[in-house]
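What follows is one structure encoded as C-alpha cells, with my remarks underneath.
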Amino acid sequence: MPDGSSTGIGVSVKRKEDYRFLVGEGKYTDDINRPNQTYSYMLRSNSAHANFSLNIENASKLKGVVKIFVGEDMEVGGIPCGWQVDSKDGTPMREPAHPPIAKNKVRYVGEIIAVIIADSIEEAKNAAELVDVNYKDIPVIINMKDALEAKNGLVHDEIETNICYDWEIGDSSAVDLAMAEAAHITSLDIKNNRLIPNAMETRAAIGDYEHATGQYTLYTTSQNPHVIRLLMGAFVLGLPEHKLRVIAPDVGGGFGSKIFHYAEEAIVTWASNKIRRPVKWTSDRSEAFISDAHGRDHLTSVKLALDKDGKFLALKVDTLANMGAYLSTFASSVPTYLYATLLAGTYSTPAIHCNVKSIFTNTVPVDAYRGAGRPEAAYLIERVVDKAAREMGISQVDIRRKNFIPTDAFPYQTPVALQYDSGNYNATLDAALIKANYESFPSRKAESAKRGMLRGIGFSTYVEACGIAPSAVVGSLGARAGLFECAEVRVHPTGSITVFTGSHSHGQGHETTFAQLVSDRLGISTDLVEISHGDTNNIPFGMGTYGSRSLAVGGEAIVKAMDKVVAKAKKIAAHIMEASADDIELNNGNFEIAGTDKSMTLAEISLAAYVPHNYPHDELEPGLDEKAFYDPLNFTYPAGCHICEVEINPNTGEIKVEGMTAVDDVGKVINPMIVEGQIHGGLAQGIGQALFENATYDENGQLLSGSYMDYTMPRADNFVNFEVGNEVTLCTHNSLGVKGCGEVGAIGSPPSVINAVVDALSELGVDDISMPATSEKIWNAINNASKK
Amino acid sequence: MYDLEYTKPENIKNAVIDFDKSNDGKYLAGGMTLIPTLKARLSSPDVLIDLKSANLNSITVTSSNVVVGSMTKHSEVANSKEITRSIPSLSNLAGRIGDHMVRNSGTIGGSVANNDPSACYPSAVLALGATVTTDQRSISSIDFFKGMFETCLKPNEIITEISFPIPDKSAYIKFPNPASRYAMVGVFVAKTGSDVKVAITGASEDGVFRSSEIEKALSSDFSIESIQDIQIKSEGLINDMHASRNYRAHLIIEMTKRAVVKINSI
C-alpha cells in the first residue's frame, strides 16, 4: 500500500471513480428500481401559450393505467425561486405562480399538463395519446424586445408586465461624465445565444413513500440533494426534513442544469403517497430539450469609453435577460449578481454601470449553465475591448496590458461590488502568448493566405468569480439560502477514513481530489479514503456542487474537519505516549513527540479512540469523527488568457479552429490531470457556444433545435488539441489557496473564438459577428462586407 | 414504441409473404431511420420484417460494375478493397456516413429505399447511373427516385442489389449539416469519357437530383472555370435554420468545384 506521499496534493492520481463507470457499474437514478414501482409519463404542452382543458376519461380506462393527475389534483406550493432580486426602484422582483402541473393555462412548449402513471412506461405513453387536450391559443411572446411592451401580450396576466425586474449596479452619473469626456467610445450590440445543457444522463426521479413510517425518499439526478430537500420539502410539498430523504446517486453530468428543483421531483414524491406505490420518471432526450432549464440568452448594448491612449474610462452596459416562462431556482441571480458584478473584468476601469431587465417569454425557463452570468460578462467585455483596440489602432495585447489591474493592486476593489483577492493577469497572458506561438502568427497567416484562406487570432483575458459563496454577502443581495459547505471526516478504528461531503460529484472527480486532500494531510494513501456524498441521510447539511465551489468551499470544509481530527488525535497520542499535546507533531502520517523517536500512527491512535482502554476519558469523548462547516470569506477569482486561432475559407465561410490555448490561474492545483480535464470540457462547451450551439425558437414558440439532428453539439473533430497551462497565484482567504476550475474554460473561451473570427475577417471590413458563428453567417458577413 | 410483431424471414420470398399477410408491415433494413421513428411513436407498423437473414449481403466487382447487395452495411462498402480499387468515391462516401455505429448497422438498400433528401447514397446511385434491382424488376436510377422520401418501389417490393457501372473517375464531396452530419449539400460527380453526370443531395425539397446545367458545362470543359459563373436557381432548394436556399445554391457550385479538382487530381 503506497503511503500518502504518492497520492497527495499536486499528484495526478488516477480517478478512483472511473473503474465503476468504465465497467458499466455506475449506479444512476434510472438504474434504481423499487418494489412495486410505477412509471410516470409527463404529458407536456405542445402549445407555447394557450388556455387549455383536457379530458382524461378514455385514457384512465386503459389497461395498466394506475392514475392520471392534472393540475387541479395537485394542491401544493409553487416551484420556488431561491434568490430575490429587487428592481432599482426598490420593488421586489415579480414572481408569478409556478404550479408543478399547469392549470388551465400553458406558457411554454414542454410545460407539464398531466401526469400519467401506469404499470409500465409504454402503457403510460399509450394512455397519454388518449388524453384529449383542447388548446385555445393566445398570442405568443418569444422575442425579448417585443416582451418589453405589455400591449404585445403578457406571459403572466396577473403581473401586468413581462419584466421580472429592472435592476442596476454601479455609478451611472460617473459613467455619463466619463463618456462625455472620452476621446473615444466603442459601441457594440451583443447577443449571447441561448444554449441547451445536454448532460449525458438525462434527468430522472423516483418518489418512494413508505406508509408505515411516513417516510418519503426521492432519488433524483441532482447536483445538490439538500437544496432539493429544503426547496421541495419546505416550499412545495410541506414535508419536514426528518421525513424526507433525498438521494442523488451517480449523476452523469449537470453543468448547472441539475441544480434546480424541477416539477417532476415534486410530482413523483407527492404522487407516491397518493397512489401508495413508488413512482419513477426518466426523461428521454427529446423531453430534455424542452424541460431542462436552458442557459444564457442575453441581448446587450455596451459602450466603452477610452482616453486618447486607450485607457478605459467607463463601461456602460444595458442587458435584456431571458427568464423563459417561469423563474427557475437561481434564474434571477444569474444575469445580476453572477454577471454584472464581473463587468470590471481584469481591467481597472474606474466607472461601470449596468442595467438589467429580465424578461418573461413563452420559452423554457432559463437558469445557470456552466459559468452562469460570468461567460456573458466576459464575452461582452472581451468583445468590446477587442473592437476598441481595432478602432484605435492599438494591438490586442497592448490594450489589455495597458488596462490590467496591476499585480500590486490586490486586493482590488472593483466599482461593481466585488473585491478580487489575488491575480497576475500579465503572467497568464505572457505564458499564453508563448504557448500559442503568437510571434510567428504572421507567418501562419501568410501561409494561409497563399492557399486563399483567411486566418485570425483572438484573445480573451477574463476573470470570473467562483467558490460560491460568502453566505452573509449573498444574503444581503437577496439569496434565500446560505452557501457554506460541510464535511465530516470519520476515521475508522483501523485507520481508514470516510469523508462525508455536502458537495456532489457528477463528473468532477471529487472521490479522487477530496481523497488527495486527506492523503496529503493525514499521510495515508487515497486507497484508504472513501468519499461519500449525495444522500441527505448520510451527509450533514450541504449545499452541493455548482459555481466551481466544491474544492474552494467543500474542500476547505474537509480541511477544517481534518484540523479537528488532528487536534484530537494529538491529545490522544499525548495521553498514550505521556507527553504534552503541544509537543506532538504530525509528519507523514506519524504523530511524533518533537525531538524524540517516539511516535504513533493515525491507525494506532484511532484504534485507541474506539477501544478506549487507555484513554483520557476525563478530557475527551471516545471516537475520532469530526464535522465542520465552512463559510467562505469571499468569492475566489480564477482568471486567465485564452487565445484562439481560426482559419476561414472565404468561398464557403467554413471555419476551422486551428489553435486553442488556455493558460489559467485556478489557484493551487490538487490533481493536475483532473484540472486539465475540467479545462478541456469547459473549452469544448465554450467553443460550442461560439461556433455551433444555438437554441432556436420559431415565431410560434416551437423549439426548432429540439434534437441532435438540429442542435449542433460540438464533436471531437470540431476541435484541435488544446494547449493548456497554468500560472498560479494563491487564493488568499482559504487555507488551500485554491480558486476553482470547473467553469473557466466555458467562461474564457467564447470571446477568444469570436475575436479570432473577426480578426480573420477584419481585412474585409467585418467588425462583428454573432454567436454561433456558423459558416453561412460568416459567408454572409463576407458578402455584405464586399458589397459595402 | 408500439407493440408489434417481429419476423426475421430467411429469404426474400418469405419476407414478401410476411409483408403481404400484414396490414401495415414494414421491412427493416439497418434501421437507422426506422428504429428511431418507431421509438418516437411516429410509425406504427403491425409487423416489422427484418431482412437481416434474407441473404442480401454481398459485394461483387466485375470489370464493368460494382454490385452491392441491398443489406450490405456502410462499413462493408467503406472497407471493401475491391470497391476502393474500382469506385473509390463510393467507398469514401460510405465511410463518411454517420458514425461507426451507424456504419455498422445502416445498409445501402435501406438508405436508397428511404430516399432521405439529405442521404449520401442516392447521389451515388444517380450520378453513377446505377441500376436498382428488386425482387420484381430492374429499375434505372433515373426512374427510381420520385421526390423527398419517395421512390417508385411498390409497398411490398424489396431492393435486392444495386449495380454501379464503374466510371473512369468520380468524386463525392459532402458539406455536412453541422448538427446531424447528413449532407447539407452533397455533390457526386462521375466522369466516363466525356460523359459527366452530377447528382446533388441534401439541397432540394424534391430530394436528390441531377443538374443538367452543370453536366453540360463539365461535359464540354471539365474544369472549375466552366462552372464558375453558373447561378443555381435557389427556388425549390431547402431553406432551414442550418442553411438558406441561397447558401445551398452557392454550396452546390463550390462542392462541385471541389469534386472537379479532386477528379482532375486523380
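Same order as they appear, the protein sequences are chains A and B.
Each residue of the first sequence is one higher than the one before, counting from 1 in the working numbering.
Each residue of the second sequence is one higher than the one before, counting from 1001 in the working numbering.
Where a beta carbon is used, it is the ideal one built from N, C-alpha and C, also for glycine.
Quick caveat: nothing in here was measured; it's all calculated off a predicted structure.
Looking at T501 of chain A and Q223 of chain A, is the spacing between their C-beta atoms short of 9 Å?
-> no
For A1015 of chain B and chain A, any beta-carbon pair shorter than 9 Å?
-> no
When we look at the beta-carbon of R277 of chain A and count the other beta-carbons within 10 Å, is it buried (16 or more) or exposed?
-> buried
Taking the alpha-carbon positions, what's the C731 of chain A to T329 of chain A distance?
-> 29 Å
Of all Cβ atoms in chain B, is any one closer than 9 Å to the Cβ of F692 of chain A?
-> yes
Can you list, in chain order, the residues of its chain whose CB lies under 7 Å from that of K1013 of chain B, leaving out five sequence neighbours each side?
-> none
Assess, as a yes-or-no matter, whether the region 583-593 of chain A is touched by the region 475-492 of chain A under the definition of 3 or more beta carbon pairs within less than 8 Å.
-> no
Residue of A:G110, A:I531, A:L239, A:G90 minimising C-alpha distance to V791 of chain A = The requested residue 791 of chain A is not part of the displayed model; chain A covers only 1 to 788.
Using only alpha-carbon positions, find the residue among A:M93, A:L380, A:D73, A:V397 that is nearest to C804 of chain A.
-> Shown here, chain A extends from 1 to 788; a query on residue 804 of chain A therefore has no answer.
CB of V1208 of chain B within 9 Å of CB of A1199 of chain B, strictly | yes
Can you find a heavy atom of the ligand PLP that lies under 8 Å from the Cβ of N1239 of chain B?
-> What this structure holds is no ligand at all, so the ligand PLP is not there to describe.
CA-to-CA distance, M771 of chain A to N192 of chain A, given in whole angstroms | 7 Å
Alpha-carbon spacing of M1 of chain A relative to T526 of chain A, whole angstroms = Annotation note: pLDDT 43 at M1 of chain A (below 50); position unreliable, coordinate value reported separately. Approximately 10 Å, taken between the alpha carbons.
Determine whether the Cβ of E287 of chain A lies closer than 9 Å to any Cβ atom of chain B.
-> no
Listed in chain order, which residues of the region 98-125 of chain A have Cβ atoms closer than 8 Å to some Cβ of chain B?
-> E122, K125
Any Cβ of chain B within less than 9 Å of the Cβ of T774 of chain A?
-> yes
Between S705 of chain A and chain B, is there a C-beta pair that is closer than 9 Å?
-> yes
Going by the CB atoms, is the gap between S1105 of chain B and I1001 of chain B shorter than 9 Å?
-> Per the sequence presented here, residue 1001 of chain B reads as Met, with Ile not at that position. Not a contact, by the Cβ cut-off of 9 Å.
To the nearest angstrom, report how far apart S1220 of chain B and S1194 of chain B are at their CA atoms.
-> 7 Å
What's the C-alpha gap between N1246 of chain B and K1257 of chain B?
-> 17 Å
Strand pairing of S1204 of chain B, partner residues [DSSP] | B:L1237
So which of A:H98, A:I769, A:D367 has the shortest CA-CA distance to I196 of chain A?
-> A:D367
First and last residue of the alpha helix (DSSP H) that includes Q685 of chain A?
-> 672-691
Would A557 of chain A pass as a contact of F441 of chain A if the rule is Cβ separation under 9 Å?
-> no
Start and end of the beta strand (DSSP E) containing T513 of chain A?
-> Taken as a continuous stretch (DSSP letters only), T513 of chain A belongs to no beta strand (DSSP E), being part of the alpha helix (DSSP H) at 510-522.
Taking C-beta to C-beta, are V728 of chain A and K668 of chain A nearer than 9 Å?
-> yes
Can you name the residues of chain B whose CB is closer than 9 Å to the CB of M709 of chain A?
-> N1177, A1179, S1180, Y1182
With distances taken Cα to Cα, identify the nearest neighbour of L313 of chain A among A:S172, A:K105, A:E763.
-> A:S172
Is the CB-CB distance between A102 of chain A and S45 of chain A below 9 Å?
-> yes
Quick one, are the C-beta atoms of H1074 of chain B and T652 of chain A less than 9 Å apart?
-> no
Cα-Cα separation, I593 of chain A to P493 of chain A | 22 Å
Go ahead and label P1117 of chain B buried or exposed: buried means 16 or more other beta carbons lie within 10 angstroms of its beta carbon, across all protein chains shown.
-> buried
Element boundaries [alpha helix (DSSP H), containing P375 of chain A] | 374-392
State the beta-bridge partners of H642 of chain A as determined by DSSP.
-> A:S460, A:A662
Quick one: is I1266 of chain B near chain A, going by C-beta distance under 9 Å?
-> no
Enumerate, from N- to C-terminal direction, the unbroken beta strand (DSSP E) stretches of 3 or more residues contained entirely within the region 39-78 of chain A.
-> 50-55, 65-70
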